[in-house]
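These notes concern the structure reproduced below.
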Amino acid sequence: MITYQNFIAGESIAAQSGKTFQNTNPANTREVVAQYPLSAREDALAAIDAAQKAAPSWAATTPPARGRILSKASQILESRKAELAELLTREEGKTLAEATGEVQRAADIFRFFGGISYTLGGQTIPHDLPGNLLFTRREPLGVVGLITPWNFPIAIPAWKLAPALLAGNTVVIKPASQAPAMTLELAKALAEAGLPKGVLNVVVGEGRTVGAELAANPAVAALSFTGSYKIGHQLHQVLSHRMARSQMEMGGKNPTIVLADADLDLAARLVTVAGFGLTGQACTATSRVIVEKSVAEAFTQKLIEKAKAIVVGNGLKQGITMGPAVNEQEFKGNLDYVDIAQKEGATLVHGGKQLAEGDLAHGYFMEPTILGNVTATMRIAQEEVFGPVIAVMPVENFDEAIAVANGVDVGLSASIVTRDIKKAMTYAERIQAGVVKINQISTGLALQAPFGGVKKSSTDSFKEQGPGAIEFYTKVKTVYLDYSA
Ligand code: NAP
Numbered sequence: 031m032i033t034y035q036n037f038i039a040g041e042s043i044a045a046q047s048g049k050t051f052q053n054t055n056p057a058n059t060r061e062v063v064a065q066y067p068l069s070a071r072e073d074a075l076a077a078i079d080a081a082q083k084a085a086p087s088w089a090a091t092t093p094p095a096r097g098r099i100l101s102k103a104s105q106i107l108e109s110r111k112a113e114l115a116e117l118l119t120r121e122e123g124k125t126l127a128e129a130t131g132e133v134q135r136a137a138d139i140f141r142f143f144g145g146i147s148y149t150l151g152g153q154t155i156p157h158d159l160p161g162n163l164l165f166t167r168r169e170p171l172g173v174v175g176l177i178t179p180w181n182f183p184i185a186i187p188a189w190k191l192a193p194a195l196l197a198g199n200t201v202v203i204k205p206a207s208q209a210p211a212m213t214l215e216l217a218k219a220l221a222e223a224g225l226p227k228g229v230l231n232v233v234v235g236e237g238r239t240v241g242a243e244l245a246a247n248p249a250v251a252a253l254s255f256t257g258s259y260k261i262g263h264q265l266h267q268v269l270s271h272r273m274a275r276s277q278m279e280m281g282g283k284n285p286t287i288v289l290a291d292a293d294l295d296l297a298a299r300l301v302t303v304a305g306f307g308l309t310g311q312a313c314t315a316t317s318r319v320i321v322e323k324s325v326a327e328a329f330t331q332k333l334i335e336k337a338k339a340i341v342v343g344n345g346l347k348q349g350i351t352m353g354p355a356v357n358e359q360e361f362k363g364n365l366d367y368v369d370i371a372q373k374e375g376a377t378l379v380h381g382g383k384q385l386a387e388g389d390l391a392h393g394y395f396m397e398p399t400i401l402g403n404v405t406a407t408m409r410i411a412q413e414e415v416f417g418p419v420i421a422v423m424p425v426e427n428f429d430e431a432i433a434v435a436n437g438v439d440v441g442l443s444a445s446i447v448t449r450d451i452k453k454a455m456t457y458a459e460r461i462q463a464g465v466v467k468i469n470q471i472s473t474g475l476a477l478q479a480p481f482g483g484v485k486k487s488s489t490d491s492f493k494e495q496g497p498g499a500i501e502f503y504t505k506v507k508t509v510y511l512d513y514s515a
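In the working numbering, each residue carries its 1-based index in the sequence shown increased by 30.
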């Protein structure tokens, strides 16, 4: 078991109350993975204070100097990839291959923002008069709060931290209690890379105390949150009340449309990866397959074949292609949704049961699950499940497919499988989503491109990822200079 502490003002320190909690491996709940401080409001206040003290000198450094630290951190993360991936798998449950990809992603994000440090600046604007200079400066906000979920425990902290730090802000981050190790490891790598004390502070503890303080405290200039709609909505109220900048990235109910002209083998492969990969615990996971009736049966058979080939188990073991649910609550929630769907008239066509034989006895394992004959008003078609459960929804035609796809109150990622370029582009125009994938999985994002949802998936005010991520973390000042006299 690893013992972690908070990381405040460059020091590892216990919660002021002395309280702790432990996390177990979701693939084997008898194994305690790590112990953490159970922090509360006073610890958040200490971290905010440290971030405030470090803010002026960090803001006075140049973007290339900050970028050098991010690039160095990228190298450190890459050199520790195998060790971090193993720890990520033990704490969160995804397979080792998935965890390795995620750690690599975090290293790449730091490399990307290290690189663009040379481009960070304002704009020169032509003035109406001669002998005048008109330009903008991009300045940090001050202390920024970050709150992250458990499902990408290193990639999401990385994609918020890298632009926040590059922009010259100091940060207090509260990782999800379910998987805080990777955020503390990121802090370690950044400190080793030369990040000054107090610039990054990590407080582990309950959302409703530590997280709530980050939203309410007037010293925190902005808050970027990724997690559920329920909490994001709550935090947004607090931030808007005090007119602080906020970025809330929340859940999805992502469709993949399969048209009658599609390559059905390709469609089944894409849906399998996007729906069952990462145990379905991705905000961009495909949870609804909207398929033209004429090919619904043939497609479903192919999807069942792919689901049967999935090997469920402890993600550290070779050959395992799907890990457990992250905890008991998520696990039970997944199974409950399978019941609810059947009660509402859906047909269970594959899976749906807990797996508890042999090695699986002490983990939160379930079969990859396919529900057929799902209709648009069923709860399984409307609510985020966040597990390996795919709803197949037969429709008459392309227009109905788009109407069904848009018939939810969220809009994160949306995929279509077709050979018809006109329909694909019409879909790209008409679908209400932040990300559109054509003949690709609904999961998986390019770190250099903007990411964010629409509708209740996001506050949709600022995008994450790509060079534009800097915008949330900076304010623009306009300078007028007259040198004509
Ligand atoms: P969650 O329950 O909303 O928690 C997210 C974070 O908020 C955690 O750090 C949590 O801390 C904290 N929190 C909880 N209650 C809080 C409160 N009252 N005040 C302040 N902070 C609070 O979400 P989750 O279960 O970790 O993550 C799954 C959700 O995230 C899904 O809906 C998924 O779709 C979404 N997600 C969205 C994206 C995206 O980019 N759009 C990406 C990944 C995941 P504790 O852990 O201590 O409770």
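Ideal Cβ placement from N, Cα and C applies to all residues, glycine included. Remember, it's a predicted structure, so these values are computed and weren't measured experimentally.
Cβ-based neighbour list, residue i, same chain, cut-off 7 Å, excluding 5 preceding and 5 following
i, result
"K485", "D439, V440, G441 and Q462"
"R460", "I432"
"R60", "H392"
"T351", "T125, I340 and V341"
"G482", "E279, G464, S488, D490, K493 and E494"
"A246", "V268"
Spatial neighbours of residue i in its chain, beta-carbon cut-off 6 Å, leaving aside the 5 residues before and after
i, result
"K383", "E397"
"N199", "P170, L171, V174 and Y503"
"P497", "I146"
"F395", "V342, P354 and L385"
"L163", "L511"
"G241", "I177 and K204"
Closer than 7 Å: residue i CB and nearest the ligand NAP heavy atom
i, result
"S254", "no"
"F492", "no"
"S472", "no"
"M396", "no"
"F51", "no"
"K516", "Residue coverage of the chain in this structure runs from 31 to 515, which leaves residue 516 outside it and unanswerable."
"Q478", "no"
"R238", "yes"
"W88", "no"
"L265", "yes"
"P67", "no"
"A242", "yes"
"F37", "no"
"A245", "yes"
"Q208", "yes"
"N181", "yes"
"I177", "yes"
"I461", "no"
Span of the alpha helix (DSSP H) around residue i
i, result
"G144", "L126 to G145"
"S324", "K323 to K338"
"Q495", "Careful: Q495 lies outside any alpha helix (DSSP H) and carries neither H nor E."
"D369", "E358 to K373"
"F51", "Run containing F51: none in the alpha helix (DSSP H); it sits in the beta strand (DSSP E), T50 to N55."
"Q105", "P93 to S109"
"Q277", "Q277 -> not in any alpha helix (DSSP H); beta strand (DSSP E) instead, spanning R275 to E279."
"H263", "Y259 to H271"
"I78", "R71 to A89"
"V303", "L294 to F306"
Limits of the unbroken beta strand (DSSP E) element including residue i
i, result
"I400", "T399 to G402"
"G7", "Examination of residue 7 is not possible in this model, given that the chain is present from 31 through 515 alone."
"I468", "V465 to I468"
"F165", "N162 to P170"
"M423", "V419 to V425"
"T473", "Neither: T473 is in no beta strand (DSSP E) and is coded neither H nor E."
"F37", "N36 to I38"
"Q65", "N58 to P67"
Cutoff 8 Å; reference residue i; Cβ partners in own chain excluding five residues on either side
i, result
"L118", "K124, A129, E132, V133, P183, I184, A209, A211 and M212"
"L296", "V447 and N469"
"V506", "G152, T166, R167, R168 and E169"
"D293", "V447 and R449"
"V201", "A81, V173, V174, G175, L176, L191, A194, L195, V229, L230 and N231"
"T91", "G198"
Distance cut-off 7 Å: residue i Cβ against heavy atoms of the ligand HEM
i, result
"M280", "The ligand content of the structure shown is limited to the ligand NAP, which means the ligand HEM is not among them."
Whole-Å CB distance - residue i paired with residue j, under 8 Å assumed
i, j, result
"S443", "N284", "5 Å"
"S487", "G464", "7 Å"
"H266", "S276", "6 Å"
"A421", "L401", "5 Å"
"S472", "T314", "5 Å"
"F37", "A217", "4 Å"
Original post:
Is there contact between the region 31-38 and the region 58-69, where contact requires at least three CB pairs shorter than 8 Å?
Top reply: Touching, yes.
Original post:
Counting Cβ pairs closer than 8 Å, one from the region 180-192 and one from the region 133-148, do we hit at least three?
Top reply: Segments in contact, yes.
Original post:
At a cut of 8 Å, does the region 91-111 reach the region 212-223 through at least three beta carbon pairs?
Top reply: Taking 8 Å as the limit for Cβ pairs, the verdict is that the region 212-223 does touch the region 91-111.
**OP:** Taking 8 Å as the threshold, find out whether the region 361-374 comes into contact with the region 322-340 through three or more Cβ pairs.
**Re:** No, the region 361-374 is not in contact with the region 322-340.
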